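As numbered in mature numbering (1 follows the signal peptide of the UniProt record, and there is no 0), residues -21 to -1, 1 to 477 make up the sequence shown, in order.
C-beta: ideal position from N, C-alpha, C; glycine also.
The structure displayed is predicted, hence computed values, not measured ones.
Comments concern the structure below.
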Amino acid sequence: MRYQRLWLRWLLLLLVVPCLALRMREPPPPIPVSRVTPDERWLRVKLNQFVASDTRTFLMRFYYNDEFAEENAVITIGGEWEISSGWAMGGLAYDIAKQLRAGMFYTEHRYYGKTRPFDNTRLSSLQYLSVHQALADLAQFIHYIKSDAFEGGQYKSGRVVVVGCSYAGSMATWMRQTYPHLVDAAFSDSGPVLAQEAYPEYMTIVIKAIRERGGEACLDSISEGMKQLVKMLATIAKAKELSKMFNTCTPVQSSPPQDMTAFLEKIEDSFNELVQKSKNIPAACAVLTNASVSSPVRRLANYITSWSSKPCVDIRYTGRAPDYMNTSYDSENYAARLWMYQTCVEFGWYPISTSAHEPYFPRVPLEYYLQHCKDYFSEDFNEEQLRRGVQQTNIMFGGLKHRPDHLISVSGTHDPWSALAPNSSHARRNSPVYVIPGVAHCKAIRGPENGDSRELRNARRVVVNFMHNNIHRPIPLSDATYIQVTPVLLGLALVVLY
């Protein structure tokens, strides 16, 4: 019995990490279209933005592209990832900058990437890691680029637009809300704005997306495959059989418990990524429901091996907890540690699994996320601390109850984080909201791609037109690239209140 309890704890602790990890990677950069290679630059910013007497500073990294630069500025906000120049060379921000004749900027979030206030991620060093400090960094950055110290004051009299997706989309919303005297308009793509401890809707949307794109038979096959797989993991002989079936780089071990559960983690991670990253769900389900393969677990294996781009499926358990407790920036998972800290003290956003998800995925309660906070940071951490942090975030920003003006928000019905983002019922005057059917995470902010739906293409046009109307003037109807889009878009949930 003690062994079974230990096995279950490792299973749950390992299964909770993947959907959080999906948030810690820079969204794939758009197709580069700029003729200019962005400059990498640095700005010295205050460590503690809210204490004037604290003179400590660190260097904040940003990219600058002056291809269209006149006096306006478009700032793409970096989130919980290391930035790269690609997001300053294409995408919707590039289209906005072209329309506004604006300079393009891409900023890096404090503590992430090369923007490091300290040379380690020890708990004592993380006291200045917060969204409030990061927003204040952006305020200092805007003050800097609008001063004579930057490009001879080129942007001094210009206007500023901020854009972002995911957590950076949340920041774009909150920048317009907190610093309206510095930010003239904002665009948020897939940005959650409601802090929440437990977030079961994540897995609900994953299941919904698979059902809508792949069919009920696909979900049934996943359920049966997972049941068979868990049973096979219970014996050494069957575990060896799974190793061959799933083409694992190392043998699937039935003992110790963490080796078994690392395998299950890989399975669930593949489905979370399938939905959140808008991969080909129908193609995945075609493999999962292939009638020529009689065994559901073998169909599941065929899907996992086809999903992996590597010669074998890596399922090794490398000591996840010790790695996440590593306080060196040399750690492969340093960003995961930083983001986990922010969720522990500010946001929650833990994608728990409940009994409603159990036919397809194991149940994962909030308590196991709280155990992460204890294991990685402090044994003194408890649920009340998380609750207070979530409450403070919602008090400061208003959650879904308040929207600033001159803000446009977009999300997709297949984005697992969309239940924490505004929908059409939250639209306000000069603050529209678009919910795009069948679209996943951070799709609107990218430039045009093959396979984009008409609703997604229309939404991008509306965003650019919205920025032009707020910053400059209505776009002439003769403009063949960006024209005024009617508020009634086929299949697009849109509310604009004037």
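Return the CA-CA distance between A147 and G57, expressed in angstroms with no decimal places. Indexing the sequence shown from 1 puts residue 147 at position 168. Indexing the sequence shown from 1 puts residue 57 at position 78. Going from the Cα of A147 to the Cα of G57 covers about 6 Å.
Three-pair Cβ contact test at 8 Å for the stretch 56 to 76 versus the stretch 1 to 16: Enough Cβ pairs lie closer than 8 Å, so yes.
Please classify P290: is it buried, with 16 or more other beta-carbons within 10 angstroms of its beta-carbon, or exposed? Translated into the one-based positions of the sequence shown, residue 290 becomes position 311. By the 10 Å Cβ count, P290 comes out exposed.
Taking only the alpha-carbon atoms, compute the straight-line gap between K187 and H393 and give it to the nearest angstrom. One-based indexing of the sequence shown puts residue 187 at position 208. One-based indexing of the sequence shown puts residue 393 at position 414. Spanning the alpha carbons of K187 and H393 requires a straight line of approximately 8 Å.
Going by Cα to Cα distance, which pick from T86, C228, Y308 is closest to S287? Translated into the one-based positions of the sequence shown, residue 287 becomes position 308. For the set T86, C228, Y308, the Cα lying nearest the Cα of S287 is the one of C228.
Extract the residue ranges of the alpha helix (DSSP H) inside the stretch 205 to 286, only unbroken runs of 4 or more that lie entirely within it. Correct list: 215 to 224, 236 to 255, 260 to 267, 275 to 286.
Whether or not the stretch 106 to 123 and the stretch 429 to 445 are in contact is what I'm after, with contact meaning three or more pairs of Cβ atoms, one per stretch, closer than 8 Å; do they touch? Touching, no.
I'd like to confirm the pairing. Which residues does DSSP put opposite L386 in its beta bridges? Taking the sequence shown and counting its residues from 1, one reaches residue 386 at position 407. Answer is A165.
Do A265 and F225 come within 9 Å of each other at the CB atom, strictly closer than that value? For the purposes of this step, residue 225 is identified with residue 246 of the sequence shown, where counting begins at 1. For the purposes of this step, residue 265 is identified with residue 286 of the sequence shown, where counting begins at 1. Between F225 and A265, the CB-CB gap reaches or exceeds 9 Å.
Element boundaries [beta strand (DSSP E), containing C144]: For the purposes of this step, residue 144 is taken as the residue at position 165 of the sequence shown. First-last of the beta strand (DSSP E) with C144: 139 to 144.
Quick one: what does DSSP say A48 is sitting in, helix, strand or coil? Numbered from its first residue, the sequence shown carries residue 48 at position 69. Of the three classes helix, strand and coil, the one that applies to A48 here is coil, per DSSP.
Measure the C-alpha to C-alpha separation of P395 and A128 and round it to an integer number of angstroms. The residue you call residue 395 lines up with position 416 of the sequence shown. The residue you call residue 128 lines up with position 149 of the sequence shown. When the Cα atoms are used, P395 and A128 turn out to be separated by approximately 42 Å.
Neighbourhood of G368 by C-beta distance below 8 Å, restricted to the same chain and skipping five residues each side: Counted from its first residue, the sequence shown places residue 368 at position 389. The beta carbon of G368 lies closer than 8 Å to those of A174, C323, V324, E325, F326, G327 in the same chain, with the five residues before and after it left out.
Since I75 and V142 should fall inside the 8 Å C-beta cutoff, what is the C-beta to C-beta distance between them, to a whole number of angstroms? For this step, residue 75 is matched to residue 96 along the sequence shown. For this step, residue 142 is matched to residue 163 along the sequence shown. At roughly 7 Å, the Cβ-Cβ gap stays under 8 Å, so I75 and V142 are in contact.
Check the C-beta distance from M150 over to V162 and give it rounded, since I have them as a contact under 8 Å. One-based indexing of the sequence shown puts residue 150 at position 171. One-based indexing of the sequence shown puts residue 162 at position 183. In this structure M150 is not in contact with V162, their Cβ atoms being roughly 11 Å apart against a cut-off of 8 Å.
Bridge partners for G327 per DSSP, in chain order? In the sequence shown, the residue the question calls residue 327 occupies position 348. Beta-bridge pairing links G327 to Q175.
Under DSSP, the alpha helix (DSSP H) around I75 begins and ends at which residues? As a working mapping, residue 75 is identified with position 96 in the sequence shown. Counting along the chain, the alpha helix (DSSP H) containing I75 begins and ends at 70 to 79.
Please classify Y90: does DSSP put it in a helix, a strand, or coil? The count along the sequence shown starts at 1 and reaches residue 90 at position 111. Coil at Y90, not helix or strand.
So Y339 packs on L243, CB below 8 Å; how close in whole Å? Position 360 of the sequence shown, counted from the first residue, corresponds to residue 339. Position 264 of the sequence shown, counted from the first residue, corresponds to residue 243. Rounded, the Cβ-Cβ distance is 13 Å, inconsistent with contact.
With DSSP as the reference, label D18 as helix, strand or coil. Position 39 of the sequence shown, counting from 1, holds the residue named residue 18. In this structure, DSSP gives D18 an extended state, which the three-state scheme calls strand.
Could you give the distance in angstroms between the alpha-carbon of D293 and the alpha-carbon of E311? On the sequence shown, position 314 is the one that residue 293 refers to. On the sequence shown, position 332 is the one that residue 311 refers to. D293 and E311: Cα-Cα distance of roughly 16 Å.
Since G82 sits in a beta bridge, which residues does DSSP pair it with? Looking up residue 82 in the sequence shown gives position 103. G82 pairs with A52.
Considering only DSSP beta bridges, list what Y42 is partnered with. Position 63 of the sequence shown, counted from the first residue, corresponds to residue 42. Beta-bridge pairing links Y42 to E19, Y85.
Quick one: residues in its chain with C-beta nearer than 8 Å to the C-beta of R20, no 5 flanking neighbours on either side, listed in chain order? Translated into the one-based positions of the sequence shown, residue 20 becomes position 41. Residues of the same chain with a CB within less than 8 Å of the CB of R20, apart from the 5 flanking positions on each side, are R40, F41, Y42, Y43 in chain order.
Within 10 angstroms of its Cβ, does H381 collect 16 or more other Cβ (buried), or is it exposed? The sequence position of residue 381 within the sequence shown is 402, counting from 1. Taking all protein chains shown into account, H381 has fewer than 16 neighbouring C-beta atoms within 10 Å of its C-beta and is therefore exposed.
Mark R408 as exposed unless 16 or more other C-beta atoms lie within 10 angstroms of its C-beta, in which case mark it buried. The residue you call residue 408 lines up with position 429 of the sequence shown. R408 is exposed by the Cβ-count criterion.
Just curious, the alpha helix (DSSP H) that F376 is in, first and last residue? Translated into the one-based positions of the sequence shown, residue 376 becomes position 397. Note, F376: alpha helix (DSSP H), 362 to 376.
For the stretch 210 to 221 against the stretch 353 to 373, are there 3 or more C-beta pairs whose distance is under 8 Å? No, because fewer than three Cβ pairs between the stretch 210 to 221 and the stretch 353 to 373 fall closer than 8 Å, the two stretches do not touch.
Of the listed residues Y313, V231, V185, nearest to A335 (C-alpha basis): Indexing the sequence shown from 1 puts residue 335 at position 356. Taking only the C-alpha atoms, the option nearest A335 is V185.
Identified DSSP bridge partners for G391: In the sequence shown, the residue the question calls residue 391 occupies position 412. As a beta-bridge residue in DSSP terms, G391 pairs with I415.
Return helix, strand or coil for K25, following the three-state DSSP convention. Walking along the sequence shown from the start, residue 25 turns up at place 46. For K25, the three-state secondary structure derived from DSSP is strand.
Hey, out of H111, S249, S200, whose CA is closest to V272's CA? The residue given as residue 272 occupies position 293 in the sequence shown. Considering only H111, S249, S200, the residue with the shortest C-alpha distance to V272 is S200.
Is the beta carbon of L435 sitting closer than 9 Å to the one on V418? Counted from its first residue, the sequence shown places residue 435 at position 456. Counted from its first residue, the sequence shown places residue 418 at position 439. In this structure, L435 lies near V418, with their beta-carbon atoms less than 9 Å apart.
Helix, strand or coil for F37 per DSSP? Taking the first residue of the sequence shown as position 1, residue 37 is located at position 58. F37 falls in the strand class under three-state DSSP.
Does the stretch 93 to 102 come close enough to the stretch 45 to 55 to have 3 or more Cβ pairs within less than 8 Å? Here the stretch 93 to 102 makes no contact with the stretch 45 to 55; the two share fewer than three CB pairs at distances below 8 Å.
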